[in-house]
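All residue numbers for the sequence shown refer to our numbering, where the first residue is -16 and numbers rise by one. We put the beta carbon where it would ideally sit given N, CA and C, even for glycine. Predicted, not measured: the structure shown is a model, and the values here were computed from it. Worksheet: one structure, shown below.
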Amino acid sequence: MDIIAKLAEELRIRYKQAEDTVNLIDEGNTIPFIARYRKEVTGSLDDGILRDLGERLIALRALEERRSEVLRLIDEQGKLTEDIKNSLEKATTLAELDDIYRPYRPKRRTRASIAAVAGLSPLAELMIEQKSGFDIEKEAENYINEEKKIMNSTDALNGAMDIIAEKVSDNAEFRKWIREYTMEKGTLVSSVAKAKKEEDSVYRLYYDYSEAIKKIPSHRLLAINRGEREEFLTVKIDVDKQSVIAFIEGQMLSHRETPSTKYVKAACEDGYDRLIAPSVQNEI
């Protein structure tokens, strides 16, 4: 990726301005110093644009560093294929890189991993199969194990749903669709943080603000993200949750109602609410 070209495009400045500003930053100059004393070099870029450029420079360099790291980690496992390599090269966000790496990374301790250790993976697979007439609740009784803290069939069913929820979350295609849908249909909503309600700030414009995500210029999004980071703003993403759940269920549910259906549906919703939605919001 040509980072300079990307900065120029995102911030709507000339390539030369971006290049010269990056050089100044790399020489150790601070943003306030550059804004005040190097106007002739930057083409009089204002403080806001310079701060956004500095933040995006860090982010884009982190992206390239992560790309190289993920490529190395997958290659060390002997699982790097041309398709994976091409996908890594095309990724434009850390989230996309992490989606690609997700199946290859060591599993941390999660509700799903705890359930798997407790021996509930076979129950989860039976639940996903959604066999007609198969009594999943009765089957769950076979997984009761007080030593592993599966005290009753409800514990077993909940653990199986945790495993399914993580499967939903780990599905790169699901995440890609949800991310794109959120970007296309979602609305960013920002409000003033309670502790800052009486304070004036450069973020006052965003104290009661909403806009379709796809229409927000990158420099405005950067300003809102900065306001959230500095605890002046509270930010959330509004999106039609039912449309997202319908998409996931369309991939996960069988065409007939079975005793397992309600559990798979609950796991799909949990996978979105608890695991996918928060990470997608953080990516924007």
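Spatial neighbours of residue i in its chain, beta-carbon cut-off 7 Å, leaving aside the 5 residues before and after
| i | result |
| --- | --- |
| residue 221 | 169, 170 and 172 |
| residue 110 | 119, 143, 147, 243, 246 and 247 |
| residue 62 | 87 |
| residue 60 | 87 |
| residue 135 | 127 |
Anticipated Cβ contact below 8 Å, residue i with residue j, distance rounded
| i | j | result |
| --- | --- | --- |
| residue 54 | residue 68 | 7 Å |
| residue 49 | residue 80 | 5 Å |
| residue 14 | residue 33 | 5 Å |
| residue 316 | residue 155 | What is shown of the chain runs -16 to 267, which leaves residue 316 out entirely. |
Proximal residues to residue i (C-beta, below 8 Å), its chain only, five neighbours per side dropped
| i | result |
| --- | --- |
| residue 7 | 17, 21, 24 and 25 |
| residue 122 | 106 and 109 |
| residue 311 | The first residue shown for the chain is -16 and the last is 267, placing residue 311 beyond what the model contains. |
| residue 164 | 222, 226, 227 and 230 |
In DSSP terms, what residue i is bridged to
| i | result |
| --- | --- |
| residue 69 | Per DSSP, none; premise fails for residue 69. |
| residue 218 | 173 |
| residue 192 | 173 |
| residue 141 | In DSSP, residue 141 forms no bridge with anything. |
| residue 12 | Answer by DSSP bridge pairing: none, since residue 12 is not bridged. |
| residue 133 | 128 |
When the options are compared against residue i, the one with the closest alpha-carbon
| i | options | result |
| --- | --- | --- |
| residue -6 | 254, 205, 236 and 245 | 205 |
| residue 31 | 11, -4 and 251 | -4 |
| residue 259 | 183, 161 and 14 | 161 |
| residue 226 | 240, 9, 167 and 56 | 167 |
| residue 191 | 215, 250, 240 and 51 | 215 |
| residue 195 | 13, 186, 90 and 223 | 223 |
| residue 71 | 52, 179 and 253 | 52 |
| residue 84 | 57, 197 and 3 | 57 |
| residue 207 | 19, 91, 265 and 73 | 265 |
| residue 132 | 112, 155, 102 and 157 | 102 |
| residue 184 | 87, 63, 60 and 209 | 209 |
| residue 193 | 175, 213 and 89 | 175 |
| residue 202 | 181, 179, 165 and 267 | 267 |
| residue 262 | -2, 74, 78 and 12 | 78 |
| residue 100 | 130, 11, 240 and 198 | 130 |
Own chain residues within Cβ distance below 6 Å of residue i, not counting five before or after
| i | result |
| --- | --- |
| residue 1 | -13, -10 and -9 |
| residue 250 | 144, 147 and 148 |
| residue 253 | 148 |
| residue 158 | 82 |
Touch test, the segment 107 to 127 against the segment 136 to 149, Cβ-Cβ under 8 Å, three pairs minimum: The segment 107 to 127 is in contact with the segment 136 to 149.
Contact the segment 34 to 51 vs the segment -11 to 3: 3+ CB pairs below 8 Å: yes
Stretch-stretch touch, CB-based, cutoff 8 Å, three pairs: the segment 114 to 121 with the segment 211 to 221: no
Contact the segment 89 to 102 vs the segment 144 to 152: 3+ CB pairs below 8 Å: yes
Segment contact flag, the segment 151 to 159 with the segment 220 to 235, C-beta cutoff 8 Å, min 3 pairs: yes
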